[in-house]
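For reference, each letter of the sequence shown is one residue, going 395 to 716 in our numbering.
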Amino acid sequence: MLPFSLFLAKKFGYLRSTAPETSGRKRSSELRRVRSNADTQSITTDTMYSVVNTDDEESEFYDFSSDVEEAVPSRHGRTESESEDMLRGIDHLLKGSNPDKIKAYGLLLEMNEELDGKDPEVLWRLSKVCHLLGQYEESENNNDKYKQFIESGIDYGKQALELNNRSPEAHKWYAVNIGSKGRYSGTKEKIQNGYEFKRHIDEALKLKDDDPILHHLLARFQYEVAILSAMERRVAKWLFSEVPEGKVTDAIAGFLKAEALNADPWKENEFLLAKCYIHEKQYQDAAKWLDKALKTKSDSPQDIKMDKEISKLLSKYTSYLE
């Protein structure tokens, strides 16, 4: 039997992530069908762990599985407080299983349609959920779906910023999707997107300095810039007259800041810290973080794949463990 998310992908194409090209009546019908199918599943609360799925909001439980959906058609008539409650319910879905995220995606698409694409709070959440669903598709080797979600995430993030350029979440999720685009871009576009990514992460940090994800993303950028190949550095210099700045020591500080701000164990952050320490030949610290990363629970295909890399490195540096 196909996993529910793949069933939806095949049957509805995740609405192809191009809602503006679908008629309002047809799109609403498809959204109702997505919600109806989601309701019939046994949905868990396990989180598909990822770098951008390590939210720092409160984790209280919201019993909204039907309430949120029933509230969507009357979104126009809700008070600001009621609207915020509804969005918090959707945020809880975004922390859940992949079917939860699909449900959130359908709800957000419907809300966006009803509000004529004019609510930045809805738009940045669409940017976020596109990235999360794209991650799942990448783990299933559905590269076309992955690209489709990332491109849609970029578009929704851009729309959110046009409406509110003081939103740290809009800057963050636009940057995350721009960064993810590098996985299927050439060297020139990848470097160009790197500058765009850095600019928006910096803006988001000015607005929300206590966000662990932002510190992780900046540290990751600094690490990746520090280990750029000679060819990539030449291309960057040719295109922009200068190479982006990035030092491994700065990356270490950023990853440690993210670790301190985040309440829960964070496998990818721990793993990248270890890689930074290996680069700096600080093998005792590297072994400590590799060991910690391996002990952190694996909640996703990405984590399981990461565990193989961690185990391989740990076998090399295990003698440095105290």
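Glycine included, C-beta positions come from ideal geometry on N, C-alpha and C.
CB contact flag (LYS661, MET700, <8 Å): In the sequence shown, residue 661 corresponds to position 267, counting from 1. In the sequence shown, residue 700 corresponds to position 306, counting from 1. Yes, these two residues count as a Cβ contact at 8 Å.
Close-in-space but distant-in-sequence residues of the same chain around GLU637 (CB under 8 Å, 5 per side omitted): By one-based count along the sequence shown, residue 637 stands at place 243. Reading off the sequence, residue 637 comes out as Val, not Glu. Correct list, in chain order: VAL619, LEU622, ARG627, ALA630 and LYS631.
For SER491, the first and last residue of its enclosing alpha helix (DSSP H): Position 97 of the sequence shown, counting from 1, holds the residue named residue 491. Where SER491 is concerned, there is no enclosing alpha helix (DSSP H), given that its DSSP letter is neither H nor E.
Residue of LEU666, ILE548 and GLU508 minimising C-alpha distance to ILE704: Walking along the sequence shown from the start, residue 704 turns up at place 310. That would be LEU666, whose Cα lies nearest to the Cα of ILE704.
Nearest neighbour of GLN553, chosen from THR712, LEU487 and GLU515 [CA to CA]: Walking along the sequence shown from the start, residue 553 turns up at place 159. When only C-alpha atoms are compared, the closest one is GLU515.
Cβ distance (whole Å) where GLY547 is taken to contact ASN571 below 8 Å: Within the sequence shown, numbered from 1, the residue matching residue 547 stands at position 153. Within the sequence shown, numbered from 1, the residue matching residue 571 stands at position 177. Confirmed, Cβ separation roughly 4 Å.
Contacting residues, own chain, Cβ-Cβ under 7 Å from CYS670 (five flanking each side not counted): Counting from one through the sequence shown, the residue named residue 670 turns up at place 276. Cβ neighbours of CYS670 beyond the five flanking positions: TYR617, VAL642, ALA645, ILE646 and PHE649.
Cut-off 7 Å between Cβ atoms - residues of its own chain near ASP604, not counting five sequence neighbours on either side: The residue you call residue 604 lines up with position 210 of the sequence shown. Excluding sequence neighbours, ASP604 sits near LEU655.
Uninterrupted alpha helix (DSSP H) stretches inside the region 611 to 671 (no shorter than 4 residues): Counting whole runs of 4 or more residues, the region 611 to 671 contains the alpha helix (DSSP H) stretches 624 to 634 and 642 to 655.
Three-state class that DSSP yields for ASN559 in the structure shown: Within the sequence shown, numbered from 1, the residue matching residue 559 stands at position 165. Here ASN559 sits in coil by DSSP.
CB contact flag (SER574, GLN696, <8 Å): In the sequence shown, the residue the question calls residue 574 occupies position 180. In the sequence shown, the residue the question calls residue 696 occupies position 302. Result no, Cβ atoms of SER574 and GLN696 do not sit closer than 8 Å.
Validate contact between the region 556 to 565 and the region 524 to 542 using beta carbons, cut 8 Å, 3 pairs: no
Reduced DSSP secondary structure (H/G/I, E/B, other) of THR690: Indexing the sequence shown from 1 puts residue 690 at position 296. In the structure shown, THR690 sits in coil (DSSP, three-state: anything other than H, G, I, E or B).
Pairwise C-alpha distance: GLU583 and GLY576: On the sequence shown, position 182 is the one that residue 576 refers to. On the sequence shown, position 189 is the one that residue 583 refers to. Roughly 7 Å between the two C-alpha positions.
Contacting residues, own chain, Cβ-Cβ under 8 Å from ILE672 (five flanking each side not counted): Looking up residue 672 in the sequence shown gives position 278. The answer, listed in chain order, is ALA680, LEU707 and TYR711.
Enclosing alpha helix (DSSP H) for LEU520 [first to last residue]: Within the sequence shown, residue 520 is the residue found at index 126, counting from 1. In the DSSP assignment, LEU520 falls within the unbroken alpha helix (DSSP H) covering 514 to 533.
DSSP-derived helix/strand/coil call for GLU504: What you label residue 504 is simply residue 110 of the sequence shown in a count that begins at 1. It is helical.
Residue of LYS512, ALA624 and GLU664 minimising C-alpha distance to LYS686: If you number the sequence shown from 1, residue 686 lands on position 292. Comparing Cα-Cα distances from LYS686 to each of LYS512, ALA624 and GLU664, the minimum goes to GLU664.
Span separating the alpha-carbon of HIS610 from that of PHE591: As a position in the sequence shown, residue 610 is number 216, starting the count at 1. As a position in the sequence shown, residue 591 is number 197, starting the count at 1. Each residue's Cα considered, the two are about 13 Å apart.
Simplified DSSP assignment, three categories, for LYS566: Locating residue 566 in the sequence shown gives position 172, where the first residue counts as 1. In this structure, LYS566 counts as helix in the three-state DSSP scheme.
Contact under 8 Å by Cβ, LYS541 with TYR499: For the purposes of this step, residue 541 is identified with residue 147 of the sequence shown, where counting begins at 1. For the purposes of this step, residue 499 is identified with residue 105 of the sequence shown, where counting begins at 1. One thing to note: LYS541 has its Cβ no nearer than 8 Å to the Cβ of TYR499.
Simplified DSSP assignment, three categories, for ASP701: Here residue 701 refers to the residue found at position 307 when the sequence shown is read from its first residue. Secondary structure at ASP701: helix, using DSSP grouped into helix, strand and coil.
Proximity to HIS565 [Cα-Cα], best of LEU517, ASP479, GLU653 and LYS682: Working through the sequence shown from its first residue, we reach residue 565 at position 171. Measuring from the Cα of HIS565, the nearest candidate turns out to be LEU517.
Per-residue burial, MET625 [other beta carbons within 10 Å of its own, 16 or more giving buried]: Locating residue 625 in the sequence shown gives position 231, where the first residue counts as 1. MET625 comes out exposed.
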